[in-house]
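Protein chains in written order, with our numbering: chain A, 1 to 226; chain B, 227 to 452. We put the beta carbon where it would ideally sit given N, CA and C, even for glycine.
In structure tokens:
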């Protein structure tokens with residue numbers, strides 16, 4: 001399943017928000033999938049889904065939790081951006097090391113991005129969006145931010161002077177950088193200069209740029225490159 | 227890497243809490259790894275780590291976030307229980323379908339367990355342990371519980387009358403059942419009878435029982451089977 005095969009396969013179709021809730025910042029979860037597909041040079045189609053349609057039966061047949069993205073390739077239908085990125089990485093060269101131990105380490109970082117680093121970050125977003133009017137919001141925010149700082153500090157110490165999580169760029173960086181991008185702006189990420197530089201390094205990749213432009217074009221209604 | 231190979235490999239060593247914070251209920255994250263190892267018949271060694279040692283440099287060299295479990299096998303060191311279970315499943319028969327599409331679907335469920343179903347459940351635990359004395363605790367708890375109910379409802383509808391997430395038991399069930407076990411007791415899980423039955427089905431497996439007894443023995447100080 002993995003290795004340096006770029007075998008012929010059907011053009012996959014992914015789903016994305018019809019109306020980007022982040023106004024084209026590329027934080028929705030289709031962005032990691034687009035980025036991975038661009039890294040490996042795999043063309044893809046996009047089907048846009050409205051907030052309403054996401055929660056209805058046809059979309060839930062693809063994604064039981066009523067979210068985006070999904071990934072359809074011939075008879076295969078997948079959900080969960082981490083799993084989709086892993087599937088892309090297994091089917092194409094360039095996103096996972098070929099040496100078995102290095103590959104396993106990169107996959108460990110894929111799980112770490114979504115299971116360990118992201119949860120407190122998403123918690124702050126949930127608080128901002130859903131608990132902003134609650135009486136506890138102001139008091140609780142610094143508590144969550146300290147939890148985020150702990151994870152960022154640990155990640156920063158491990159990354160140290162490294163360019164990527166493993167020696168070569170991998171699918172783990174796609175997921176981790178997308179997680180860290182959720183923090184851009186409010187200052188937390190900037191407390192860790194090597195993490196800021198790591199995110200900037202990822203964003204400078206041509207494949208990131210192509211993916212970013214494609215998702216932005218959905219929001220602006222202008223084709224990419226305009 | 228995957229398939230029906232039970233090749234000779236070094237006995238892996240995992241880490242677990244020296245003092246189980248759940249008093250042997252088998253909710254710590256070594257449990258999924260133990261269960262997976264028992265399912266495939268792979269013997270393993272356990273190194274116990276104190277709360278203090280987990281946060282110190284030697285353990286952090288294995289686990290940058292200072293947690294358990296870790297997994298050492300020859301020169302390979304991994305962390306993240308989801309990734310470790312996937313690694314075990316790839317190296318042994320019995321935890322992932324051999325057909326490529328079915329395998330990808332099972333891996334999607336592995337990510338879904340940790341990235342989509344677990345976060346609100348862990349949020350409630352964090353609130354219970356760390357925010358119990360905060361003024362917002364009582365008001366916020368039902369808000370979190372409703373988020374858990376949404377996810378459980380979605381999972382329940384997808385599982386329907388199925389025995390496992392995919393037609394055959396897989397590594398996805400190991401992870402998902404361990405996530406759902408965190409809810410046993412307080413009633414939320416019992417609102418969804420097919421999920422309760424699913425968890426019971428997992429717990430009835432001999433490999434689960436062996437893994438559970440082994441982690442309980444760490445807490446009681448009695449060897450398993452006593």
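Assuming the contact rule is C-beta atoms closer than 8 Å, residue i and residue j should be a hit. Round their C-beta distance to whole Å, please.
{"i": "residue 78 of chain A", "j": "residue 334 of chain B", "result": "5 Å"}
{"i": "residue 273 of chain B", "j": "residue 239 of chain B", "result": "6 Å"}
{"i": "residue 171 of chain A", "j": "residue 37 of chain A", "result": "Wrong, their Cβ atoms sit about 11 Å apart, outside the cutoff."}
{"i": "residue 69 of chain A", "j": "residue 16 of chain A", "result": "6 Å"}
{"i": "residue 200 of chain A", "j": "residue 31 of chain A", "result": "With a Cβ gap of about 16 Å, residue 200 of chain A and residue 31 of chain A do not count as contacting."}
{"i": "residue 188 of chain A", "j": "residue 148 of chain A", "result": "6 Å"}
{"i": "residue 286 of chain B", "j": "residue 351 of chain B", "result": "Not really, about 23 Å apart at Cβ, beyond 8 Å."}
{"i": "residue 192 of chain A", "j": "residue 156 of chain A", "result": "4 Å"}
{"i": "residue 82 of chain A", "j": "residue 175 of chain A", "result": "6 Å"}
Are the beta-carbon atoms of residue i and residue j separated by less than 8 Å?
{"i": "residue 320 of chain B", "j": "residue 236 of chain B", "result": "no"}
{"i": "residue 18 of chain A", "j": "residue 49 of chain A", "result": "yes"}
{"i": "residue 291 of chain B", "j": "residue 154 of chain A", "result": "yes"}
{"i": "residue 267 of chain B", "j": "residue 441 of chain B", "result": "no"}
{"i": "residue 432 of chain B", "j": "residue 439 of chain B", "result": "no"}
{"i": "residue 76 of chain A", "j": "residue 394 of chain B", "result": "no"}
{"i": "residue 195 of chain A", "j": "residue 165 of chain A", "result": "no"}
{"i": "residue 127 of chain A", "j": "residue 150 of chain A", "result": "no"}
{"i": "residue 123 of chain A", "j": "residue 360 of chain B", "result": "no"}
{"i": "residue 119 of chain A", "j": "residue 345 of chain B", "result": "yes"}
{"i": "residue 362 of chain B", "j": "residue 139 of chain A", "result": "yes"}
{"i": "residue 249 of chain B", "j": "residue 445 of chain B", "result": "yes"}
Does any C-beta atom of chain B lie closer than 8 Å to the C-beta of residue i?
{"i": "residue 194 of chain A", "result": "no"}
{"i": "residue 79 of chain A", "result": "yes"}
{"i": "residue 4 of chain A", "result": "Note on residue 4 of chain A: pLDDT 44, under 50, position unreliable in the model; the coordinate value appears next. By this cut-off, residue 4 of chain A is not an interface position."}
{"i": "residue 32 of chain A", "result": "no"}
{"i": "residue 82 of chain A", "result": "yes"}
{"i": "residue 151 of chain A", "result": "yes"}
{"i": "residue 171 of chain A", "result": "no"}
{"i": "residue 1 of chain A", "result": "At residue 1 of chain A, the pLDDT of 41 sits below 50, so the modelled position is not reliable; the number obtained from the coordinates is stated separately. So yes, residue 1 of chain A belongs to the interface."}
{"i": "residue 13 of chain A", "result": "no"}
Does any C-beta atom of chain A lie closer than 8 Å to the C-beta of residue i?
{"i": "residue 358 of chain B", "result": "no"}
{"i": "residue 279 of chain B", "result": "no"}
{"i": "residue 408 of chain B", "result": "no"}
{"i": "residue 452 of chain B", "result": "Summary for residue 452 of chain B: the model assigns pLDDT 48, below 50, so the residue's position carries little reliability, and this model does not support an answer."}
{"i": "residue 235 of chain B", "result": "no"}
Pull up the DSSP beta-bridge partners for residue i, would you.
{"i": "residue 13 of chain A", "result": "A:45 and A:72"}
{"i": "residue 78 of chain A", "result": "A:71"}
Show which residues of chain A have a CB atom less than 8 Å away from the CB atom of residue i.
{"i": "residue 415 of chain B", "result": "Neighbours of residue 415 of chain B on chain A: none; closest Cβ ~17 Å, over 8 Å."}
Can you list the residues of chain B that residue i reaches, using a CB-CB cut of under 9 Å?
{"i": "residue 154 of chain A", "result": "286, 290, 291 and 292"}
{"i": "residue 158 of chain A", "result": "286, 290 and 291"}
So which residues on chain B does residue i lean against when the C-beta distance must stay under 8 Å?
{"i": "residue 136 of chain A", "result": "360, 361, 362, 365 and 366"}
{"i": "residue 107 of chain A", "result": "309, 312 and 313"}
{"i": "residue 114 of chain A", "result": "337, 340 and 341"}
How would you list, in chain order, the residues of chain A whose beta-carbon sits under 7 Å from the beta-carbon of residue i?
{"i": "residue 330 of chain B", "result": "76, 78 and 87"}
Can you pull the chain A neighbours of residue i, defined as C-beta to C-beta under 9 Å?
{"i": "residue 349 of chain B", "result": "119, 123 and 126"}
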